[in-house]
Structures are given as structure tokens and as C-alpha cells.
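Let me begin by presenting the structure, written as C-alpha cells, before commenting on it.
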Amino acid sequence: MREVVVIGCGMTRFGELWEKSLRDIFVEAALKAMDDAGVDHIDSMYVGSMTPGIFVGQEHIGCIMADYLGISPVPAVRVESACASGGLAFRQGFIEVASGMSDIVLVGGVEKMTDSSDAIYGLAAAADREYEAYNGVTFPGLYAMIARAHMHRYGTAREQLALVAVKNHKNGSLNPNAQFQKEITVDTVLNATLVADPLTLMDCSPISDGAACAVLCPLELAKNYTDTPVRIVGSGVATDTIALHQREDITRLNAVVKSSEAAFKMAGLTPDKVDLAEVHDCFTIAEICVTEDLGFVEKGKGGKFVEEGKTALDGELPVNTSGGLKSKGHPVGATGIAQIVEIFEQLRGSGEKRQVKDAKIGLAQNMGGSGGSSVVHILSL
Ligand code: COA
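In this note's numbering, the protein residues as written are 61 to 441.
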């Protein structure tokens with residue numbers, strides 16, 4: 061395999077982008093990434109998008125995005141793995157460059173959710189429709205069950221969940237691309253509208269629009285474009301049962317465990333070597349479970365990890381410096397690439413007010429559904 065690097069990134073602001081269409085926001089992010097990379101052509105493209113047919117009535121995403129970006133007839137493929145669609149698109153681009161099949165590959169993610177009155181129906185299509193969604197449980201309900209089980213088994217406190225949201229909103233207040241750029245308190249979280257006990261509105265990621273893109277090339281070509289290429293040193297993907305009731309332990313996200321093991325093995329690294337991580341905090345409990353299942357902290361101690369400030373911007377392992385899905389927003393197909401954008405900016409020292417000092421190794425973890433799929437990438441200077 062050839063060594064693969066990221067040479068440029070770009071994204072739109074996340075939020076309610078009512079004045080722009082699906083194609084507009086993708087093209088905006090793609091042109092920013094191409095400009096950042098200094099490339100004037102693309103050999104191949106992968107676009108992560110979860111369910112644009114339900115959200116905006118548009119399918120054939122590879123074709124339409126290549127067309128409006130003006131790069132047809134290059135190969136362009138849509139990749140889908142629910143909320144992990146962006147992460148998986150990144151992996152497909154990585155494989156294509158590593159194999160020698162293409163040199164300059166654009167990987168992106170896009171979703172436009174706020175135009176739809178069917179957003180929750182569309183999201184629920186990524187759960188087990190027959191056992192879960194048809195019986196009335198959608199993602200807030202599924203993650204609420206995980207939260208209750210985690211609290212019961214490990215004594216995780218309600219306030220510890222809230223602290224994840226407080227931290228991520230604080231980071232998001234420093235990110236000009238975030239949907240919510242305001243700080244909140246534990247009381248704001250606890251007193252917000254109850255969505256699925258114990259999770260309130262402030263424990264949830266929002267409904268969002270947005271797009272993010274990155275340009276990949278082989279290491280040997282990177283010097284033609286940039287002095288600061290960021291290497292992709294590890295990539296792992298794994299699946300688990302789609303329905304929660306079939307898991308032995310719903311607090312353990314097996315796809316996260318397996319995808320991170322694969323990525324760390326490829327990188328020849330261990331979790332203690334990671335300087336910062338972007339993880340899939342679709343709900344506050346998800347960040348706690350994921351930091352445990354990635355091996356950053358012992359199982360059951362994720363709540364304490366947050367409470368002690370270990371995952372804060374100035375902590376020993378800053379997590380979700382971008383604001384995470386909670387505050388930056390969660391246009392599902394775009395999220396996995398936006399995580400890569402944050403790690404890329406941090407590693408090349410352009411994290412601005414969110415810059416993590418001496419960041420050299422970053423990890424991005426992107427999840428589909430309630431842990432039915434997970435993608436992990438490790439990036440290094
Ligand atoms: N965090 C912070 N503020 C939020 C928010 C969130 N997640 N969601 C909405 N808001 C704000 C809105 O900006 C709005 O503020 P305003 O009154 O000042 O304008 C207010 O809360 C109400 O917004 P509204 O759009 O009416 O919320 P809603 O009740 O329709 O939806 C949720 C709120 C949490 C139910 C919805 O965002 C949701 O379902 N999130 C989960 C998405 C999901 O499952 N993703 C997949 C994960 S696997």
C-alpha cells in the first residue's frame with residue numbers, strides 16, 4: 061500500500077442553511093478543500109450522504125455532485141453507512157489512493173436535514189425498523205436506554221452526562237463553523253425539555269445542514285502541494301448488531317472496540333499516544349461510552365474522565381475540540397469528514413482559539429446508528 065496524506069480540507073458552517081441547496085453546500089465545501097490543497101483537478105470522488113432521498117428528495121449523489129462541481133466524467137460514488145457515511149467515504153478514498161488506483165481523490169460528506177418534515181423518520185431508518193422504529197423507539201430513546209444501563213451498572217451520574225454537553229458547547233463557542241456558538245451550564249442541560257429520560261434536548265445533537273470535504277493524495281506527491289501534509293496512519297471499520305436488544309451488554313459498543321483495535325494495529329500505536337480525538341457524541345452518553353471503548357479510559361470510568369476535566373480543551377486528552385456533534389451540529393453524512401477537518405486543522409497548527417498545544421497525533425471516530433457501525437481513523441504529522 062502507498063502512504064496516503066490529507067493535503068487540504070474545507071467545510072461550510074453547520075446549522076440551518078435554508079438559503080442554500082444540497083448541491084450548493086457540497087460544492088462550497090469541495091471548492092474550499094480544493095483551494096486549500098492547491099489542486100486543479102480531481103481523479104476520483106467519494107461522497108458520504110445518509111438518506112438525501114428522504115431529507116430532500118435527491119438521489120444519485122455521486123453524479124449530481126460531480127456535475128455541479130464541474131469535474132464530470134470522473135468516477136464519483138455515494139457511500140452510505142448511516143451517520144458514519146462520511147467516515148466511510150474517507151476510508152474508501154484512503155483505500156483508492158493507497159492501492160495506486162488514483163492519485164488525487166476528493167472525499168466529502170453532505171446532508172440537508174432542516175428542510176424536511178420527515179427528518180426523524182429518515183434518521184430512524186438507520187435503526188432496526190422492524191424491532192425498534194416500528195415500535196416507537198428512535199435514536200434519543202435508544203441512547204437513553206444505554207444511558208440508564210450505564211448509570212445503573214457503573215454509577216455514572218446524571219451531572220456527568222450534562223458535563224459532556226457543557227464542555228462541547230464551550231468548545232463550539234470558539235468554532236466559527238459551529239451551529240451553536242454559546243456556552244451552557246449543567247443547569248441548562250438538566251432543566252431543558254425532556255426528550256427521552258434521562259436525556260434532555262441539551263443532551264442531544266441537533267438536526268443540521270452542512271458539508272465537509274478533504275483532498276487525499278499519495279505521500280510522494282504531497283510536496284507538490286503543501287509543506288504540511290497530514291498522514292493517515294490507521295484506518296478501521298467494524299459492525300455490530302443493529303438492534304440493541306441483541307447485544308450482550310448495551311453499554312459496550314463492540315463496533316467501536318473492533319474498529320479502534322484495527323486502526324491502532326495499522327498505525328502501530330496505542331491509545332495513550334493520541335493527543336486529541338473527535339468522537340461521535342450524537343448524545344452525551346455516546347461520548348462517555350466511546351471514550352471508554354476506544355481504550356482512552358477504563359470501562360465505566362468515562363463519566364469521571366469528563367468530570368475531572370481530562371477531556372477539556374486544556375486536559376490530558378482533549379475530546380471534541382470542534383464542539384462535537386452536540387454543539388458544532390450533526391448533518392449526518394457530513395459529520396465524519398468534519399471530524400477529519402478538525403483533526404487536520406489541529407495537527408497543522410491552524411486550530412485558532414481551539415488549538416491544542418503540540419498536537420501530533422489525532423483520532424476521529426464516526427458511528428452509524430446506535431453503534432451498528434463505527435469507523436476510526438488515526439492521523440499523524
Ligand atoms: N442542542 C441545543 N439546542 C437545540 C438542539 C440541540 N440538540 N435542538 C434544538 N435546539 C434549539 C433550537 O435552536 C431552538 O432554539 P430557539 O427556540 O432559540 O430557536 C429550540 O432548541 C427548539 O428547537 P426545535 O427545532 O423546535 O427542537 P425539536 O424539539 O424539534 O428537536 C431534538 C430537538 C433534540 C428532538 C432534535 O434535535 C433531535 O431529534 N435530535 C437528535 C437527532 C438524532 O437523532 N441524530 C442522529 C443521532 S444517531
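In this text, a Cβ means the ideal position worked out from N, Cα and C, and glycines have one as well.
Are the beta-carbon atoms belonging to residue i and residue j less than 7 Å from one another?
{"i": "ILE67", "j": "TYR285", "result": "yes"}
{"i": "CYS342", "j": "LEU385", "result": "yes"}
{"i": "ASN231", "j": "THR395", "result": "no"}
{"i": "LEU423", "j": "ALA303", "result": "no"}
{"i": "MET262", "j": "THR248", "result": "yes"}
{"i": "GLY431", "j": "ALA322", "result": "no"}
{"i": "ARG83", "j": "LEU234", "result": "no"}
{"i": "VAL99", "j": "ILE164", "result": "yes"}
{"i": "ILE345", "j": "LEU223", "result": "no"}
{"i": "PHE115", "j": "GLY389", "result": "no"}
{"i": "VAL436", "j": "SER265", "result": "no"}
{"i": "ALA184", "j": "ALA193", "result": "yes"}
{"i": "THR216", "j": "GLY411", "result": "no"}
Is residue i near the ligand COA, judged by its Cβ being under 6 Å from some heavy atom?
{"i": "PHE404", "result": "no"}
{"i": "LEU223", "result": "no"}
{"i": "ILE67", "result": "no"}
{"i": "PHE115", "result": "no"}
{"i": "ILE267", "result": "yes"}
{"i": "VAL255", "result": "yes"}
{"i": "PHE199", "result": "yes"}
{"i": "CYS342", "result": "yes"}
{"i": "CYS264", "result": "yes"}
{"i": "LEU183", "result": "yes"}
{"i": "CYS123", "result": "no"}
{"i": "CYS143", "result": "yes"}
{"i": "LEU407", "result": "no"}
{"i": "LEU16", "result": "Any answer about residue 16 is impossible in this case: the structure gives the chain only from 61 up to 441."}
Report all residues from its chain with a CB closer than 6 Å to the CB of residue i; omit the five preceding and five following residues, and keep chain order.
{"i": "ALA179", "result": "MET173 and ILE267"}
{"i": "GLY201", "result": "ALA256"}
{"i": "GLY393", "result": "GLY108, SER109, MET110, SER145, GLY146, GLY169, VAL170 and GLU171"}
{"i": "SER440", "result": "ARG291, VAL293 and ILE421"}
{"i": "LYS359", "result": "GLU352"}
{"i": "ALA186", "result": "ALA142 and GLY429"}
{"i": "LEU254", "result": "THR260"}
{"i": "ALA252", "result": "THR260, LEU261 and MET262"}
{"i": "ALA136", "result": "MET105, GLY122 and ALA126"}
{"i": "GLY383", "result": "ASN228, ASN231, GLY232, ASN235 and ALA238"}
{"i": "PRO289", "result": "VAL65, ILE67 and ALA282"}
Assuming residue i and residue j are in contact, meaning their beta carbons sit under 8 Å apart, how far apart are those beta carbons, in whole angstroms?
{"i": "CYS273", "j": "VAL65", "result": "At roughly 15 Å, the Cβ-Cβ gap does not stay under 8 Å, so CYS273 and VAL65 are not in contact."}
{"i": "LEU148", "j": "VAL139", "result": "5 Å"}
{"i": "VAL134", "j": "GLY153", "result": "Contact doesn't hold; Cβ gap of about 13 Å is too wide."}
{"i": "SER434", "j": "LEU279", "result": "Actually they are not in contact, since the Cβ atoms of SER434 and LEU279 sit about 26 Å apart, beyond 8 Å."}
{"i": "GLY355", "j": "PRO391", "result": "Their Cβ separation, rounded to whole angstroms, is 29 Å, which puts GLY355 and PRO391 out of contact at 8 Å."}
{"i": "ILE403", "j": "LEU329", "result": "That belief does not hold up - the Cβ atoms of ILE403 and LEU329 are roughly 14 Å apart, past 8 Å."}
{"i": "ILE102", "j": "GLY270", "result": "About 21 Å separates the two Cβ atoms, so there is no contact after all."}
{"i": "SER387", "j": "PHE199", "result": "The Cβ separation is near 18 Å, so there is no contact."}
{"i": "THR72", "j": "ALA90", "result": "That belief does not hold up - the Cβ atoms of THR72 and ALA90 are roughly 10 Å apart, past 8 Å."}
{"i": "ALA158", "j": "ARG62", "result": "5 Å"}
Using 10 angstroms around the beta-carbon of residue i, count the other beta-carbons present and answer buried if the total reaches 16, otherwise exposed.
{"i": "ARG151", "result": "buried"}
{"i": "SER132", "result": "exposed"}
{"i": "GLN306", "result": "exposed"}
{"i": "ASN237", "result": "buried"}
{"i": "GLY182", "result": "buried"}
{"i": "ALA93", "result": "buried"}
{"i": "ASP300", "result": "buried"}
{"i": "MET161", "result": "exposed"}
{"i": "ASN195", "result": "exposed"}
{"i": "HIS120", "result": "exposed"}
{"i": "ASP287", "result": "exposed"}
{"i": "SER177", "result": "exposed"}
{"i": "GLU376", "result": "exposed"}
{"i": "ASP418", "result": "exposed"}
{"i": "GLU79", "result": "exposed"}
{"i": "ASP309", "result": "exposed"}
{"i": "GLY296", "result": "buried"}
Residues in the same chain with beta-carbon distance under 7 Å from residue i, minus the five sequence neighbours each way, listed in chain order, please.
{"i": "THR311", "result": "ILE206, ALA209, HIS210, ARG213 and CYS349"}
{"i": "ASP96", "result": "GLY68, CYS69 and GLY70"}
{"i": "LYS242", "result": "HIS229 and SER233"}
{"i": "GLN399", "result": "GLU338, ALA424 and ASN426"}
Residues in its own chain within less than 8 Å of residue i by CB, not counting five upstream and five downstream?
{"i": "VAL416", "result": "ASP335, LEU336, LEU373, PRO378, THR381 and GLN406"}
{"i": "LYS30", "result": "Here the chain covers residues 61 to 441 and nothing more, so residue 30 does not appear."}
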